[in-house]
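Below: one structure, written as structure tokens.
Number of protein chains: 2
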Amino acid sequence: MNILVIGGGGMVGVKLINRLAKDGKLGGTPISKIIRHDVVLSPPPPASAFPIETLIGDLSTPGEAEKLVVLKPDVIFHLAAIVSGEAEADFEKGYRINLDGTRYLFEAIRKAGGGYKPKVIFTSSIAVFGAPFPEAIPDEFFNTPLTSYGTQKTICELLLADYSRRGFFDGVGLRFPTICVRPGKPNLAASGFFSNIIREPLAGQEAVLPVPEDVRHWHASPRAAVGFLIHAATMDTAALGARRNVTLPGVSCTVGEQIEALRKVAGDRVVARIKREPNETIMKIVAGWPRNFEARRGRELGFKAENSFEEIIRVHIEDELGGKIA
Amino acid sequence: MNILVIGGGGMVGVKLINRLAKDGKLGGTPISKIIRHDVVLSPPPPASAFPIETLIGDLSTPGEAEKLVVLKPDVIFHLAAIVSGEAEADFEKGYRINLDGTRYLFEAIRKAGGGYKPKVIFTSSIAVFGAPFPEAIPDEFFNTPLTSYGTQKTICELLLADYSRRGFFDGVGLRFPTICVRPGKPNLAASGFFSNIIREPLAGQEAVLPVPEDVRHWHASPRAAVGFLIHAATMDTAALGARRNVTLPGVSCTVGEQIEALRKVAGDRVVARIKREPNETIMKIVAGWPRNFEARRGRELGFKAENSFEEIIRVHIEDELGGKIA
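As you go down the protein sequences, you meet chains A and B in turn.
Counting along the first sequence from 1, when you hit position 305 you're at 305 in full-length UniProt numbering, and nothing is skipped either side.
Counting along the second sequence from 1, when you hit position 106 you're at 106 in full-length UniProt numbering, and nothing is skipped either side.
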């Protein structure tokens with residue numbers, strides 16, 4: 001089995017490839033090769049029993065998708081995107097990368113011919129929803145995104161469903177929760193604080209909390225994210241019918257509950273490293289974000305997230321900190 | 001006020017232009033010019049107190065949208081599309097005309113600059129919904145189209161909302177009910193029989209009913225369709241907020257109720273011209289179509305349809321038959 005990971009240099013892409021390299025197979029089938037594709041791919045590939053090839057390129061450049069599809073991967077993970085803030089700041093770049101790039105990929109697959117029909121796993125986002133919404137968003141709630149990023153993800157979901165219905169490929173769209181605790185350095189994304197207030201204190205650093213403790217949001221760990229992708233690639237897609245896009249399970253909790261979970265896992269000394277610095281701009285952005293989902297269908301389809309925020313913190317300590325707290 | 005009607009040669013486009021020519025104004029503002037655009041425009045323009053210009057062209061040809069936008073119309077009615085059956089039969093043509101054409105238009109407006117911000121009225125369709133759905137679809141129900149046409153319309157709705165949110169234009173998307181009674185010759189569209197079984201008997205002709213009488217569907221007259229467009233162009237769009245796409249009101253009735261309404265208006269002699277010829281293919285297609293909508297928001301926003309199917313028949317007799325039944 002050949003696997004293509006587009007956006008293989010991103011946080012989730014790297015973790016997915018590490019997991020596949022360790023497993024050596026996907027859904028019981030031995031992996032013969034992984035092709036990882038991204039605009040930059042700095043980390044060397046992990047040790048593996050099969051070759052991992054690296055291709056550098058931009059999916060939104062005409063012709064790039066064809067170069068990938070000609071390799072006839074059996075499974076394509078499409079994780080490449082620019083983030084919400086950048087897509088909002090640069091309208092043309094957002095549509096080019098997040099919409100046109102994906103459409104080029106889908107078109108290249110459709111035109112490949114010869115009975116080629118790969119599995120395509122596409123990462124969408126809870127940004128396909130926009131306020132106002134009910135406290136817990138049901139599975140049949142409509143998509144009224146309030147960002148260009150959310151609009152682009154919703155459009156790609158629709159294309160994925162139509163191309164799958166037409167039989168051009170076998171697609172699954174995954175509406176990721178906010179991934180938390182995100183490893184690495186603090187970044188300027190408006191959602192960054194959800195991870196910063198856990199990751200930095202655990203590493204002995206101070207972190208800024210820009211919103212009140214009653215802000216509620218929807219989370220899953222990076223480990224759960226990799227699990228979602230692998231489950232989507234190995235599940236029987238007949239269970240999806242024509243509805244190819246799935247709101248995934250996650251943990252709904254307030255910032256206050258995040259902090260209490262951190263206290264339980266790591267104690268007052270670590271929690272004391274969170275500094276409250278209210279930021280009106282971030283509060284306003286966050287007010288338009290989903291807080292909770294029913295996600296019944298995602299669970300029924302076999303997707304699994306953590307059951308508590310405490311569990312999310314323990315996953316971070318295990319996977320990123322070698323079990324140690326500073 | 002300058003008005004552009006893209007798809008001005010279609011059934012609704014012609015009726016809209018006739019109405020505007022008769023009114024001489026839109027929302028109290030005198031009309032200075034109408035530009036009608038379509039791939040073919042056979043009927044001559046109606047008599048009017050202002051010039052009606054005719055432009056022949058295909059919106060999906062690169063550069064065509066720019067030629068229209070340079071004329072700086074204050075209001076753009078975008079009615080151009082290929083129908084559901086054709087978009088399903090020809091995948092590439094459907095995406096080119098129904099998606100790319102619309103995106104070219106939106107992009108040409110965005111790039112026009114100089115503070116240009118027209119009102120854009122876009123005709124969408126109840127094909128943005130796909131079975132299974134509740135008996136009456138609520139306003140917040142999700143879009144899971146089961147045709148490429150429905151997919152293309154949903155994508156254009158999302159673009160319209162994002163371009164409006166960004167301030168590039170002031171857009172309103174209208175999810176038209178099935179327009180009934182459609183004037184003209186019977187056509188091969190799967191939905192054609194809803195109109196055929198009324199129009200043909202009223203004109204002294206036989207008509208074929210291919211489905212059982214318990215099939216329920218969602219209708220509005222061509223006169224109501226023109227009313228929707230004019231209301232959208234003249235309403236205060238602040239009432240829409242970020243949710244720019246509206247499920248319009250209509251009449252939900254079964255084929256049996258359509259026939260009883262015809263009997264009430266025109267008698268047994270006319271109803272006897274309906275021949276039952278069950279068609280499995282059409283039954284299967286129709287089974288995936290919406291039957292009824294709550295459409296509360298559309299009504300609250302001031303959109304008006306008929307209150308009964310009898311009223312729809314009477315509108316047809318007045319507008320198309322000069323009040324006479326054969």
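Yeah, the Cβ is synthetic: ideal placement off N, Cα and C, and Gly gets one too.
Computed from a prediction, not measured in an experiment: that's the story for all the values here.
With respect to chain B, the C-beta atom of A/Asp162 has a partner C-beta closer than 9 Å.
A/Glu53 has A/Ile35 as its beta-bridge partners, per DSSP. A direct Cα-Cα distance of roughly 10 Å separates B/Glu135 from B/Arg216.
Just so you know, the alpha carbons of A/Thr154 and A/Thr102 end up roughly 12 Å apart.
With respect to A/Pro45, A/Met1 sits apart: the two C-beta atoms are not nearer than 9 Å. Counting along the chain, B/Ala127 sits inside no beta strand (DSSP E), nor does DSSP assign it H or E at all. Straight across, the Cα-Cα distance linking B/Thr237 with A/Pro145 is about 18 Å. Per DSSP, B/Phe228 is one residue of the alpha helix (DSSP H) stretching across Pro222 to Thr234. Between the beta-carbon of B/Met235 and that of B/Leu174 there is about 11 Å, and that puts the pair past the 8 Å contact cut. Residue state for A/Val270 is assigned as helix, using DSSP reduced to three classes. Only Asn143, Thr144, Pro145, Leu146, Thr147, Ser148, Gly150, Thr151, Gln152, Thr154, Ile155, Leu158, Leu159, Ala161 and Asp162 from the region 143 to 162 of chain A bring a Cβ to less than 9 Å from some Cβ of chain B. Between A/Gly130 and chain B, the shortest Cβ-Cβ separation is below 9 Å. In this structure, the beta-carbon distance from B/Ala80 to B/Gly10 falls below 9 Å. Interface with chain B (9 Å Cβ-Cβ cutoff): A/Phe91 is included.
Annotated three-state conformation of A/Val255 is helix, per DSSP. According to the DSSP assignment, A/Ile313 belongs to the alpha helix (DSSP H) that extends over Phe309 to Glu320.
Residue B/Pro210 holds the alpha-carbon nearest to the alpha-carbon of B/Lys284 among B/Pro186, B/Pro210 and B/Pro222. Straight across, the Cα-Cα distance linking A/Phe142 with B/Glu64 is about 33 Å. Look at the beta carbons and you see the region 198 to 213 of chain B not touching the region 221 to 228 of chain B: under three pairs across the two are nearer than 8 Å. A contact between stretches requires three or more CB pairs, one per stretch, nearer than 8 Å, and the region 271 to 289 of chain B fails this requirement with the region 313 to 324 of chain B.
Remark: C-beta atoms of A/Gly256 and A/Glu200 do not approach each other more closely than 9 Å. For A/Arg175, the secondary structure class from DSSP, reduced to helix, strand or coil, is strand. The Cβ of A/Phe141 sits closer than 9 Å to at least one Cβ of chain B.
Short of 6 Å from the beta carbon of A/Gly13, and not among the five residues preceding or following it, lie these beta carbons of its own chain, in chain order: Val5, Gly7 and Leu79. Around the beta-carbon of B/Val270, 16 or more other beta-carbon atoms lie within 10 Å, marking it buried. Where B/Asn196 is concerned, the enclosing alpha helix (DSSP H) starts and stops at Gly192 to Leu202.
Rounded to whole angstroms, A/Ile35 and A/Thr54 show a C-alpha spacing of 6 Å. For A/Ala238, not one C-beta of chain B is nearer than 9 Å to its own C-beta. The Cβ neighbour count for A/Ala87, taken over all protein chains shown within 10 Å, is at least 16; the residue is labelled buried. Spatial neighbours of B/Ser164 in its own chain (CB-CB distance under 7 Å, excluding positions within 5 residues in sequence) are listed in chain order as Asp170, Gly171 and Arg244. Here A/Asp23 is not bridged, per DSSP, to any residue.
Here the C-alpha atom of A/Asn292 lies approximately 28 Å from the C-alpha atom of A/Phe91. Of the residues B/Leu262, B/Ala295, B/Ala242 and B/Lys264, the one whose Cα lies closest to the Cα of A/Gly130 is B/Ala242. In the structure shown, A/Phe293 falls within a strand segment according to DSSP collapsed to helix, strand and coil. A distance of 9 Å or more separates the beta carbons of B/Ser191 and B/Glu306. In this structure, A/His219 is the residue among A/Thr281, A/His219 and A/His231 with its C-alpha nearest to the C-alpha of A/Glu310.
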